[in-house]
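Chemist: The structure is given below, and queries will be raised subsequently.
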Amino acid sequence: MTVAICPGSFDPVTRGHLDIISRAAFMFDRVIVAVLHNSKKNPAFTVEERMAMISKVTEDMPNVEVATFDGLLADFARIKGATVLVKGLRAVSDFEYEFQMALANRKLNPDLETVFITTKAENMYLASSLVKEIARNGGTIDDFVPAVLRKEIQNRLCKGERK
Ligand code: PNS
3 MTVAICPGSF DPVTRGHLDI ISRAAFMFDR VIVAVLHNSK KNPAFTVEER
53 MAMISKVTED MPNVEVATFD GLLADFARIK GATVLVKGLR AVSDFEYEFQ
103 MALANRKLNP DLETVFITTK AENMYLASSL VKEIARNGGT IDDFVPAVLR
153 KEIQNRLCKG ERK
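Heads up: the sequence shown at position 5 corresponds to 7 in my numbering, and the numbers run straight through without jumps.
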């Protein structure tokens, strides 16, 4: 049984993330979506909110579960018995950083293989940061986030950040 991890901040989860998660779920026996707890990025959504949003949009994927982690991803993978790390690649600009991460993670955990899934063309420009900026400025995020989450994300970001 192959356990794969889809890690990220997911602040908030986008259609691009969901596409990568669903394709990973098709490829691997078990997929753990791992939400980074202690992000330096000062997240707009709490880790619990981010996990709940991911659970909602993956409820039709029986081999997907949601977890949170702190510290090194390579250690989390070891604890979970995961041998694959799934990353989405949007553009060449993602490559350098992701390549560095993949090499470092292999050093830290030689049993962990990083697998890149290329994004769908329509999601190439998508990023959580873009979603937040558009929503905060009153723009429509319909094409960027799963439909079932649109109101929740828009309401929160239009009303201002959590304290
Ligand atoms: O969605 P993001 O913010 O691009 O995800 C980045 C993430 C969570 C995958 C990355 O920051 C990460 O793996 N953080 C955990 C700490 C770690 O293991 N860093 C790599 C050391 S080489």
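For glycine and all other residues, C-beta sits at the position ideal for the given N, C-alpha and C.
With 16 other CB atoms within 10 Å as the buried threshold, where does Thr16 fall?
Modeler: The residue in question, Thr16, is buried, as its Cβ has 16 or more Cβ neighbours within 10 Å.
Chemist: Counting Cβ pairs closer than 8 Å, one from the segment 88-100 and one from the segment 14-28, do we hit at least three?
Modeler: Segments in contact, yes.
Chemist: Leu110 and Leu74 look like a contact to me (Cβ under 8 Å); what is the Cβ gap, rounded to whole Å?
Modeler: About 6 Å; that satisfies the 8 Å criterion.
Chemist: Could you please give the first and the last residue of the uninterrupted beta strand (DSSP E) stretch that includes Leu91?
Modeler: That run of the beta strand (DSSP E) goes 86-91.
Chemist: Measuring alpha carbon to alpha carbon, tell me which of Lys43, Ile136, Val35 ends up nearest Phe232.
Modeler: Any question about residue 232 goes unanswered here, given that the chain covers just 3 to 165.
Chemist: Rounded to the nearest angstrom, what separates Ser131 and Arg158 at their Cα positions?
Modeler: The alpha-carbon atoms of Ser131 and Arg158 are separated by roughly 15 Å.
Chemist: So the alpha helix (DSSP H) Leu38 belongs to, where does it begin and stop?
Modeler: No alpha helix (DSSP H) contains Leu38, which is instead part of the beta strand (DSSP E) from 32-38.
Chemist: Residues in the same chain with beta-carbon distance under 8 Å from Thr121, minus the five sequence neighbours each way, listed in chain order, please.
Modeler: Gly18, Asp21, Ile22, Gly90, Leu91, Arg92, Leu128, listed in sequence order.
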